[in-house]
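*Asks:* I'd like to ask you about the structure that follows.
Number of protein chains: 2
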Amino acid sequence: MAAPLEPRTGLPVVAMVGGGQLSRMTHQAAIALGQSLRVLATDPAESAALVTADVRLGDHRNLADLKQLAAGATVVTFDHEHVPTEHLQALVDAGHRVAPGPGALVHAQDKLVLRRALAAAGEPQPAWTEAASSADVAAFAAEHGWPVVLKTPRGGYDGKGVFVVDDEVQAAELIAAHGTLLAEERVVMVRELAAQVARSPFGQVAVWPVVETVQRDGVCNEVFAPAPGLAEELATAAQELAVRIADRLGVVGMLAVELFQTDTGIVVNELAMRPHNSGHWTIEGARTSQFEQHLRAVLDYPLGSTAMTAPVVVMANVLGGAAAEPDWAGPPLDERVHHLMAHWPDVKLHWYGKGQRRSRKLGHVTALGDDLAEVRARAVAAARYLADGVVDEAFAFAGEHRGARA
Amino acid sequence: MAAPLEPRTGLPVVAMVGGGQLSRMTHQAAIALGQSLRVLATDPAESAALVTADVRLGDHRNLADLKQLAAGATVVTFDHEHVPTEHLQALVDAGHRVAPGPGALVHAQDKLVLRRALAAAGEPQPAWTEAASSADVAAFAAEHGWPVVLKTPRGGYDGKGVFVVDDEVQAAELIAAHGTLLAEERVVMVRELAAQVARSPFGQVAVWPVVETVQRDGVCNEVFAPAPGLAEELATAAQELAVRIADRLGVVGMLAVELFQTDTGIVVNELAMRPHNSGHWTIEGARTSQFEQHLRAVLDYPLGSTAMTAPVVVMANVLGGAAAEPDWAGPPLDERVHHLMAHWPDVKLHWYGKGQRRSRKLGHVTALGDDLAEVRARAVAAARYLADGVVDEAFAFAGEHRGARA
Chain A
-5 MAAPLEPRTG LPVVAMVGGG QLSRMTHQAA IALGQSLRVL ATDPAESAAL
45 VTADVRLGDH RNLADLKQLA AGATVVTFDH EHVPTEHLQA LVDAGHRVAP
95 GPGALVHAQD KLVLRRALAA AGEPQPAWTE AASSADVAAF AAEHGWPVVL
145 KTPRGGYDGK GVFVVDDEVQ AAELIAAHGT LLAEERVVMV RELAAQVARS
195 PFGQVAVWPV VETVQRDGVC NEVFAPAPGL AEELATAAQE LAVRIADRLG
245 VVGMLAVELF QTDTGIVVNE LAMRPHNSGH WTIEGARTSQ FEQHLRAVLD
295 YPLGSTAMTA PVVVMANVLG GAAAEPDWAG PPLDERVHHL MAHWPDVKLH
345 WYGKGQRRSR KLGHVTALGD DLAEVRARAV AAARYLADGV VDEAFAFAGE
395 HRGARA
Chain D
-5 MAAPLEPRTG LPVVAMVGGG QLSRMTHQAA IALGQSLRVL ATDPAESAAL
45 VTADVRLGDH RNLADLKQLA AGATVVTFDH EHVPTEHLQA LVDAGHRVAP
95 GPGALVHAQD KLVLRRALAA AGEPQPAWTE AASSADVAAF AAEHGWPVVL
145 KTPRGGYDGK GVFVVDDEVQ AAELIAAHGT LLAEERVVMV RELAAQVARS
195 PFGQVAVWPV VETVQRDGVC NEVFAPAPGL AEELATAAQE LAVRIADRLG
245 VVGMLAVELF QTDTGIVVNE LAMRPHNSGH WTIEGARTSQ FEQHLRAVLD
295 YPLGSTAMTA PVVVMANVLG GAAAEPDWAG PPLDERVHHL MAHWPDVKLH
345 WYGKGQRRSR KLGHVTALGD DLAEVRARAV AAARYLADGV VDEAFAFAGE
395 HRGARA
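If you read the protein sequences in the order shown, they are chains A and D.
Each residue of the first sequence is one higher than the last, beginning at -5 in the working numbering.
Each residue of the second sequence is one higher than the last, beginning at -5 in the working numbering.
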């Protein structure tokens, strides 16, 4: 069945499940390619729904809504991993293109499935087991020590569904509440890295430089591209690992491989099969952004150059802070944006248009330059100013960067 | 009267008159700033209407439509110069912010008004006169020689409304058809340049490097940034000229000053007070694009850095060619896009989603690098391939570049 094109433009229609900021930024990339992203949103005030022309309101757990979304679209893709696998399979069975396909996506949806697949492939990962009882956790701890990290296999993101337990009683409570969990050793890590790769159905792959990600409370907070001080052989190993996983799992679209760097190498933490927070820096920092590349990949277009546009790129998230509180009496958002532009004329803002709530991902900023300390200071200070309405120089750059000394 | 903000986001709403590619690309910039451009389009299939959430269908010559557009918007701006001055004044009188204001915009609408203003300011321009009769043209030619360039004061763009006449008979015919015309000497020029500046109501200005523009049949075809081989004092003079004009006319938003470079210096050809084809290169080629800068300026936000992101940037327009003809039997657009990406993985595509017609501006491509000849070859070959479906190496780079040898 030939994939449908938009009749007025003669170009593809990519339908994306989810109306968050990833869809919003994918739409920006789609516009340049002559397209307009079709978005399945649950609310007309969602980030992407505010800026796209073709919004379908519906529920990603409802097959009828998904079928309506897919009708006339060239390909269906996702800004999150929460569509039930059986619905994806139903779309495929009905002749729709779905990218990534259900057989690949399940590895980003279910952490136990991922662990099994990586084990079968012999890829490096933390010690793990499937824990159906607290006795399973205790047996695992007898070998790997407490604390143990317990994760719900499905549904977790941004640190949700991840628990660090110190004993069998805590483990028993969690298993009673959630059912079978993934148990992992707590990895003693140097830092977190991410390797991003795009893969097309044709099998073409494109990798960006490996980045360092800094999490705060389980949420991505800063990204440094390239990962400072990362030995070239380790960077190459991480890129090759990402390509092997994308190939083996048959990923179509973007794949972000979240990694722990340890004293002895790298291990895989988890996967995302979509544009990912660790790749926002590519909008200004690489010749082709992860959003454009995701569109190219799911459409089986040839992939774009991933060359960096500056030696150092830093992305800092704006997480809802003091200024998101109901009793905030400081400058309102529009004024803070004004001040940000005055202070940092070369910091690039991406604001998602979402309602402001404490800890919510509201936007991000990107800075480019030659010197990590200077670029990081700019990005973090700008992000912090938007979040909290204060310029906190101490926060802006707290001492030397660990990785840079390595 | 406080300017309205969008109630859900707390951020401004910029309303743009016109649904063409300039609105389309301004919307991309608006998305990053947390906004969504409101667009007045005449047809739902217009370039910007295809990709924006807030489309108002209406006529820019109809005051009621303009008032509906302005209601609740923070500021009204334009992607063309064709709104009647009296309607703009009516919006201002009703308390709406209009940027640029009618008093400034008239200089981009009416070439006679511009010539008088530049004369009063003592700025360099071609010899000119107001020609109400063929005798006026003959008298002008007696001083400056034939041929004479006759221009309709209003309504011309992309070479339309510009006539080169060799004698009084031709002049008489044109004046009979069009009424009073602007008569100008035919300038013997080395090349065409453009200087772009943004100006905010606060009076802040920001200039980009002066570019060379290459026209074909009166339509912008290629832009080289920076203008190759341009002497620094001439580049500075062109930037200062643009700033003086923006200040003197009270421009708010983007101003493009189109210039002729002659053996003895520069003269002003005409003005555009909006994002302009000569500034499309800034999307990838400068830290802040003309589209983002236009939004910043009309909102009185501080302006962004205009630093270039690469030593050489070339923009090439895709004008409807052989592939836009009804009998085209070559690869359809989607395939041509596919091939473009395969051939030129680092050329950036901007396709406007418009119906394909011969000579119509359908899109543009941008290439970046270090060497003008190489960068130009890539950009022009890619644009030509989209337009005509053939890779024409001879066209791609025909000999050495004139400016680069200067």
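For every residue, glycine included, the Cβ atom is placed at its ideal position computed from N, Cα and C.
Quick check on residue 183 of chain A: does DSSP put it in helix, strand or coil?
*Replies:* Translated into the one-based positions of the first sequence, residue 183 of chain A becomes position 189. Here residue 183 of chain A sits in coil by DSSP.
*Asks:* Interface residues of chain D around residue 45 of chain A at Cβ under 7 Å?
*Replies:* As a position in the first sequence, residue 45 of chain A is number 51, starting the count at 1. Under the 7 Å cutoff, chain D gives 25, 30, 47.
*Asks:* Counting Cβ pairs closer than 8 Å, one from the region 4 to 12 of chain A and one from the region 327 to 343 of chain D, do we hit at least three?
*Replies:* The region 4 to 12 of chain A vs the region 327 to 343 of chain D: in contact.
*Asks:* Residues in the same chain with beta-carbon distance under 6 Å from residue 250 of chain D, minus the five sequence neighbours each way, listed in chain order, please.
*Replies:* Position 256 of the second sequence, counted from the first residue, corresponds to residue 250 of chain D. The residues are 188, 190, 266, 270, 272.
*Asks:* Name, going along the chain, the residues of the region 91 to 110 of chain D whose beta-carbon falls closer than 9 Å to a beta-carbon of chain C.
*Replies:* Note that chain C does not occur in the displayed structure, where the protein chains are A and D.
*Asks:* Figure out for me which residue from D:208, D:22, D:384, D:283 has the closest Cα to the Cα of residue 311 of chain D.
*Replies:* The residue labelled residue 311 of chain D in the question sits at position 317 within the second sequence. Considering only alpha carbons, the answer is D:208.
*Asks:* Should residue 230 of chain D be labelled buried (16 or more other beta-carbon atoms within 10 Å of its own) or exposed?
*Replies:* The count along the second sequence starts at 1 and reaches residue 230 of chain D at position 236. Residue 230 of chain D is exposed by the Cβ-count criterion.
*Asks:* In chain order, what residues of the same chain have a beta carbon less than 6 Å from the beta carbon of residue 308 of chain A, not counting five sequence neighbours either side?
*Replies:* Taking the first sequence and counting its residues from 1, the one referred to as residue 308 of chain A is at position 314. Result list for residue 308 of chain A: 218, 361, 369, 370, 373, in chain order.
*Asks:* By Cβ distance, which residues of its chain are closer than 7 Å to residue 393 of chain D, with the 5 residues on each side in sequence left out?
*Replies:* Position 399 of the second sequence holds residue 393 of chain D. Note that residue 393 of chain D scores 37 on pLDDT, short of 50, meaning its location in the model is unreliable; the coordinates nonetheless yield the value given after this. Hits under 7 Å: none found.
*Asks:* Are three or more beta carbon pairs between the region 125 to 140 of chain A and the region 168 to 175 of chain A nearer than 8 Å?
*Replies:* Output reads yes: the region 168 to 175 of chain A touches the region 125 to 140 of chain A.
*Asks:* For residue 200 of chain A, which residues in the same chain have their Cβ closer than 6 Å to its Cβ, ignoring the five residues on either side in sequence?
*Replies:* As a first step, residue 200 of chain A must be located in the first sequence, where it is residue number 206. Answer for residue 200 of chain A: 192, 297, 300, listed in chain order.
*Asks:* Please decide whether residue 39 of chain A counts as near chain D, where near means a Cβ-Cβ distance under 7 Å.
*Replies:* To locate residue 39 of chain A, count along the first sequence from 1; it is residue 45. Yes, residue 39 of chain A lies at the interface with chain D (some Cβ there is under 7 Å from its Cβ).
*Asks:* Hey, quick one: how far does the beta strand (DSSP E) through residue 358 of chain A stretch, first residue to last?
*Replies:* As a position in the first sequence, residue 358 of chain A is number 364, starting the count at 1. Run containing residue 358 of chain A: 355 to 363, per the beta strand (DSSP E) assignment.
*Asks:* Quick one: is residue 396 of chain D buried, meaning 16 or more other Cβ sit within 10 Å of its Cβ, or exposed?
*Replies:* Mapped onto the second sequence, residue 396 of chain D falls at position 402. Summary for residue 396 of chain D: the model assigns pLDDT 36, below 50, so the residue's position carries little reliability; its value from the coordinates is reported in the next sentence. It is exposed - the Cβ of residue 396 of chain D has fewer than 16 other Cβ atoms within 10 Å.
*Asks:* So for residue 12 of chain D, helix, strand or coil by DSSP?
*Replies:* Locating residue 12 of chain D in the second sequence gives position 18, where the first residue counts as 1. Coil at residue 12 of chain D, not helix or strand.
*Asks:* I need the DSSP call for residue 267 of chain A, collapsed to helix, strand or coil.
*Replies:* Stepping through the first sequence from its first residue, residue 267 of chain A is reached at position 273. Coil.
*Asks:* Assuming residue 385 of chain D and residue 359 of chain D are in contact, meaning their beta carbons sit under 8 Å apart, how far apart are those beta carbons, in whole angstroms?
*Replies:* Translated into positions along the second sequence, residue 385 of chain D becomes position 391. Translated into positions along the second sequence, residue 359 of chain D becomes position 365. Actually they are not in contact, since the Cβ atoms of residue 385 of chain D and residue 359 of chain D sit about 14 Å apart, beyond 8 Å.
*Asks:* Provide the residue span of the alpha helix (DSSP H) that contains residue 293 of chain D, from first to last.
*Replies:* The count along the second sequence starts at 1 and reaches residue 293 of chain D at position 299. Element bounds for residue 293 of chain D: n/a, residue is neither H nor E.
*Asks:* According to DSSP, simplified to helix, strand and coil, what is residue 382 of chain D?
*Replies:* Counting from 1 along the second sequence, the entry for residue 382 of chain D is found at position 388. Reduced to three states, the DSSP call for residue 382 of chain D is helix.
*Asks:* Helix, strand or coil for residue 190 of chain A per DSSP?
*Replies:* Position 196 of the first sequence, counting from 1, holds the residue named residue 190 of chain A. Three-state DSSP puts residue 190 of chain A in a strand.
*Asks:* On a Cα-Cα basis, can you pick out the residue from D:51, D:73, D:74 that is closest to residue 63 of chain D?
*Replies:* By 1-based counting over the second sequence, the position of residue 63 of chain D is 69. Among D:51, D:73, D:74, the Cα nearest to that of residue 63 of chain D belongs to D:51.
*Asks:* Could you pull the start and end residues of the alpha helix (DSSP H) that residue 81 of chain A belongs to?
*Replies:* As a working mapping, residue 81 of chain A is identified with position 87 in the first sequence. Counting along the chain, the alpha helix (DSSP H) containing residue 81 of chain A begins and ends at 79 to 87.
*Asks:* Chain D partners of residue 344 of chain A, CB-CB under 9 Å?
*Replies:* Counting from 1 along the first sequence, the entry for residue 344 of chain A is found at position 350. Under the 9 Å cutoff, chain D gives 25, 26, 27, 28.
*Asks:* Take residue 237 of chain A as the anchor and find which of A:303, A:256, A:131, A:117 has the nearest alpha-carbon.
*Replies:* Against the first sequence, residue 237 of chain A aligns to sequence position 243. Here the closest residue by C-alpha is A:117.
*Asks:* What is the DSSP secondary structure of residue 123 of chain A, counted as helix, strand or coil?
*Replies:* Along the first sequence, read from residue 1 onward, the residue named residue 123 of chain A stands at position 129. Residue 123 of chain A falls in the strand class under three-state DSSP.
*Asks:* Mind reading off the beta-carbon distance from residue 248 of chain D to residue 221 of chain D? Whole number of angstroms is fine, and I expect it under 8 Å.
*Replies:* Numbered from its first residue, the second sequence carries residue 248 of chain D at position 254. Numbered from its first residue, the second sequence carries residue 221 of chain D at position 227. The Cβ separation is near 18 Å, so there is no contact.
*Asks:* If residue 351 of chain A and residue 25 of chain D are in contact, beta carbons under 8 Å, what's the gap, nearest whole angstrom?
*Replies:* Numbered from its first residue, the first sequence carries residue 351 of chain A at position 357. Numbered from its first residue, the second sequence carries residue 25 of chain D at position 31. Not a contact, Cβ separation roughly 21 Å.
*Asks:* Would you mind giving the Cβ-Cβ distance between residue 46 of chain D and residue 21 of chain D, rounded to the nearest angstrom? I have them listed as a contact below 8 Å.
*Replies:* Stepping through the second sequence from its first residue, residue 46 of chain D is reached at position 52. Stepping through the second sequence from its first residue, residue 21 of chain D is reached at position 27. Sure, about 5 Å apart at Cβ, within 8 Å.
*Asks:* Can you tell me the Cα-Cα spacing of residue 356 of chain A and residue 334 of chain A, whole angstroms?
*Replies:* Here residue 356 of chain A corresponds to residue number 362 of the first sequence, with the count starting at 1. Here residue 334 of chain A corresponds to residue number 340 of the first sequence, with the count starting at 1. Whole-angstrom Cα-Cα distance: 15 Å.
*Asks:* Can you pull out the residues from the region 272 to 284 of chain D whose beta carbon lies closer than 7 Å to at least one beta carbon of chain A?
*Replies:* Taking 7 Å as the Cβ-Cβ cut-off against chain A, the residues of the region 272 to 284 of chain D that qualify are 281.
*Asks:* Scan the region 260 to 271 of chain A for residues whose Cβ lies nearer than 8 Å to a Cβ of chain D and list them as they occur along the chain.
*Replies:* Per Cβ criterion, the list is empty.
*Asks:* According to the neighbour-count rule (16 or more other Cβ atoms, all chains shown, within 10 Å of its Cβ), is residue 196 of chain D buried or exposed?
*Replies:* Within the second sequence, residue 196 of chain D is the residue found at index 202, counting from 1. It counts as exposed.
*Asks:* CA-CA distance, residue 120 of chain A and residue 263 of chain A?
*Replies:* Numbered from its first residue, the first sequence carries residue 120 of chain A at position 126. Numbered from its first residue, the first sequence carries residue 263 of chain A at position 269. One C-alpha to the other measures close to 8 Å.
*Asks:* Enumerate in chain order the residues of its own chain whose CB-to-CB distance from residue 287 of chain A is below 7 Å, with the five nearest sequence positions on each side excluded.
*Replies:* Walking along the first sequence from the start, residue 287 of chain A turns up at place 293. For residue 287 of chain A, where only same-chain residues beyond five positions count, the Cβ hits under 7 Å are 192, 200, 248, 297, 298.
*Asks:* Tell me the residue span of the beta strand (DSSP E) that contains residue 247 of chain A.
*Replies:* Position 253 of the first sequence holds residue 247 of chain A. Unbroken beta strand (DSSP E) run through residue 247 of chain A: 247 to 256.
*Asks:* Can you grab the Cα-Cα spacing for the pair residue 92 of chain D / residue 146 of chain A, in whole Å?
*Replies:* Residue mapping note: residue 92 of chain D aligns to position 98 of the second sequence, counting from 1. Residue mapping note: residue 146 of chain A aligns to position 152 of the first sequence, counting from 1. Using only the alpha carbons, I get a separation of about 55 Å.
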